[in-house]
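Under the working numbering, think of the first position of the sequence shown as 11, with each following residue one higher. Glycine residues also receive a C-beta, built at the ideal position from the N, C-alpha and C atoms. In what follows, a structure is listed as structure tokens, so that the remarks can point back to it.
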Amino acid sequence: MPTQASNRQEHPRAAVFLDRDGTIIEDRGDLSDPAQVVFFKDTVPALRRLAEKFALFVVTNQSGVAKGTITIEDVQRVNDYVEKYLAINGAPIAATYVCPHQRYSDCQCIKPNPYFLKKAEREFGIDLRRSFVIGDHPHDVELATRVEATGIYLLSGHGMKHRADLPVQTIVVDGIREATEQVLTRGSGQQTERQTANWGASPATPER
Ligand SMILES: [Mg+2]
Ligand SMILES: [Zn+2]
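Set out below in structure tokens:
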């Protein structure tokens, strides 16, 4: 049996890519200190359920670094705390990916560019097309679309603000608990024979 610890597995794992602010913790602007982190009450039970079947990643845009309002070390400290807290509570994060740039700088890692998802695909053997992205910004949904994963939009965080900007078919739910229900209903995280056959015929997702 493949174990969670091994990166290379016979059958690629599916993943859930989680936005950080407004998705697993409250969005309180640029966080510079772990003491500012407030987890949503549903986060731990939801992520613990997801972790049974999926590799979990956090993908976050932290433009405050480029703007000079926070440092990359601040972001790292906050992320280390988030990871440690979740690991202790039974929901280990495989990796946390941070884009520290501003949108106008046209970096390749800012969401919705799928740079970090491609990295997870390479480094953790993740099957992106059976994976999910959960977040409270249309960029999180677009991120999923770009790799043929499934995006789930949350109304927590800033979700209400951009709801009108979503593609009509977008899955929209209240928060991380409801998103987890959607993920567990739609995907098992395990590869089946039928899926293997179907996907074997599909062309690879192009790099962007
Ligand atoms: Mg967010
Ligand atoms: Zn970037």
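Cβ pair residue 161, residue 186 closer than 9 Å: For the purposes of this step, residue 161 is identified with residue 151 of the sequence shown, where counting begins at 1. For the purposes of this step, residue 186 is identified with residue 176 of the sequence shown, where counting begins at 1. No, these two residues do not count as a Cβ contact at 9 Å.
Close beta carbons around residue 175, own chain, < 7 Å, minus the five adjacent residues each side: Taking the first residue of the sequence shown as 1, we reach residue 175 at position 165. Taken in chain order, the residues that qualify are 148.
Inter-residue Cα distance where the pair is residue 46 and residue 194: Taking the sequence shown and counting its residues from 1, one reaches residue 46 at position 36. Taking the sequence shown and counting its residues from 1, one reaches residue 194 at position 184. About 30 Å.
Three-state secondary structure (DSSP) of residue 79: In the sequence shown, the residue the question calls residue 79 occupies position 69. Residue state, collapsed to three classes: coil.
Beta-ladder partner(s) of residue 107, from DSSP: Locating residue 107 in the sequence shown gives position 97, where the first residue counts as 1. The partner list for residue 107 (beta bridge, DSSP) reads 69.
Where residue 74 sits in the DSSP three-state scheme: As a working note, residue 74 is residue 64 in the sequence shown. Correct three-state label for residue 74: helix.
Where residue 134 falls: helix, strand or coil (DSSP): Here the question's residue 134 lines up with position 124 in the sequence shown. Residue state, collapsed to three classes: helix.
Local Cβ density within 10 Å of residue 178, reported as buried at 16 or more and exposed below that: Looking up residue 178 in the sequence shown gives position 168. Exposed.
Local conformation of residue 62 per DSSP, three classes: The residue labelled residue 62 in the question sits at position 52 within the sequence shown. Of the three classes helix, strand and coil, the one that applies to residue 62 here is coil, per DSSP.
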